[in-house]
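Below: one structure, written as C-alpha cells.
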Amino acid sequence: MLFVVMLGGKHPRARIEVHDVVFAVADTLQATYPQLRDAWFGSPKGVHIDSWMAVDGVDGWKVELSHLAPHGDAPRLYFINLGGYEANSFGEAHHYLLVVAHHKQEAMRKGKQQMLSHWSQSHTDAVLDIDDCLPIDLVDGRYIHLVQAAHRPIVQRNDYLVLP
Numbered sequence: 006m007l008f009v010v011m012l013g014g015k016h017p018r019a020r021i022e023v024h025d026v027v028f029a030v031a032d033t034l035q036a037t038y039p040q041l042r043d044a045w046f047g048s049p050k051g052v053h054i055d056s057w058m059a060v061d062g063v064d065g066w067k068v069e070l071s072h073l074a075p076h077g078d079a080p081r082l083y084f085i086n087l088g089g090y091e092a093n094s095f096g097e098a099h100h101y102l103l104v105v106a107h108h109k110q111e112a113m114r115k116g117k118q119q120m121l122s123h124w125s126q127s128h129t130d131a132v133l134d135i136d137d138c139l140p141i142d143l144v145d146g147r148y149i150h151l152v153q154a155a156h157r158p159i160v161q162r163n164d165y166l167v168l169p
C-alpha cells in the first residue's frame with residue numbers, strides 16, 4: 006500500500022513546528038514508521054504524523070508496485086501542493102492532492118483546476134512525481150505502476166500520532 010504522510014516536528018533552526026510530506030510503502034501505517042523516521046529532516050524527538058492517506062488508486066488508476074520501472078510513456082502519479090491565502094487568516098493555507106498525468110504540465114493543469122475559489126493569490130507550490138520521491142532503498146526498489154482498474158477509495162485521516 007502506498008502511504009502519503011504529513012510529518013510534523015521541530016527543527017533546530019525553526020521557531021515553530023515544521024512539516025513535510027513523505028511517501029512510504031508498507032502493509033500498514035505502523036509498518037511505515039522506520040521509513041518516516043529515516044526521511045524526517047528535523048529533530049527526532051517529538052516527530053509525529055499530523056495526517057496520512059492510504060492510496061490504493063486514484064481516479065480509476067490502481068496503484069501497483071513492481072521492481073521494474075514503468076515505461077516512459079506510462080501515466081504517473083503526482084503529488085500536488087496547492088497554496089493560497091484566505092481572508093482574515095494569517096499565513097498561507099495549503100491543499101494537497103494526488104493526480105494521474107503523463108507529464109508535469111498536465112499534472113499542474115489538473116491541480117490548478119482544483120484551486121480553492123475562496124483563496125486569494127493562489128499558486129501551485131510544488132508538483133512532485135511520487136516515483137522520484139519514494140525512498141528506493143526502503144521499498145526494495147519497487148516502482149509505482151498505474152493500471153486502469155477498480156480500486157478502493159483513498160483513506161484520509163487527520164491524526165496526531167507520535168512516532169515511537
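Reminder that position 13 of the sequence shown reads as 18 in our numbering, one-by-one numbering, no gaps.
Each residue gets a CB set at the ideal place from its N, CA and C atoms; glycine is no exception.
The segment 45-65 and the segment 156-163 touch, with no fewer than 3 CB-CB distances between them shorter than 8 Å. With a 10 Å radius around the Cβ and a threshold of 16 neighbouring Cβ atoms, H150 comes out buried.
Each residue's CA atom was taken as its position, placing P49 and V167 some 11 Å apart. Annotated three-state conformation of Q119 is coil, per DSSP.
Looking at the DSSP output, F8 shares a beta bridge with A29 and A59.
The way I'd put it, the segment 35-54 does touch the segment 10-27; three or more beta-carbon pairs between them come closer than 8 Å. If you ignore the 5 residues before and after S71, its C-beta comes within less than 7 Å of the C-beta of R147, Y148 and H150, all in its own chain and listed in chain order.
In the three-state DSSP reduction, D164 falls in the strand class (E or B). Listed in chain order, the non-local C-beta contacts of A154 below 6 Å within the same chain comprise K67, local neighbours out to five positions each way being set aside. In terms of CA proximity to L12, Q40 leads the group D32, R20, Q40 and T33.
When only Cα atoms are considered, L34 and H53 end up about 13 Å apart.
DSSP places K15 outside both helix and strand once states are collapsed to three, so it counts as coil. If you draw a straight line from the Cα of L87 to the Cα of W124, it comes to about 10 Å.
For a cut-off of 8 Å, the C-beta gap from G89 to Q126 is around 6 Å, short enough to register as a contact. Bounds of the beta strand (DSSP E) holding Q153 are Y148 to Q153.
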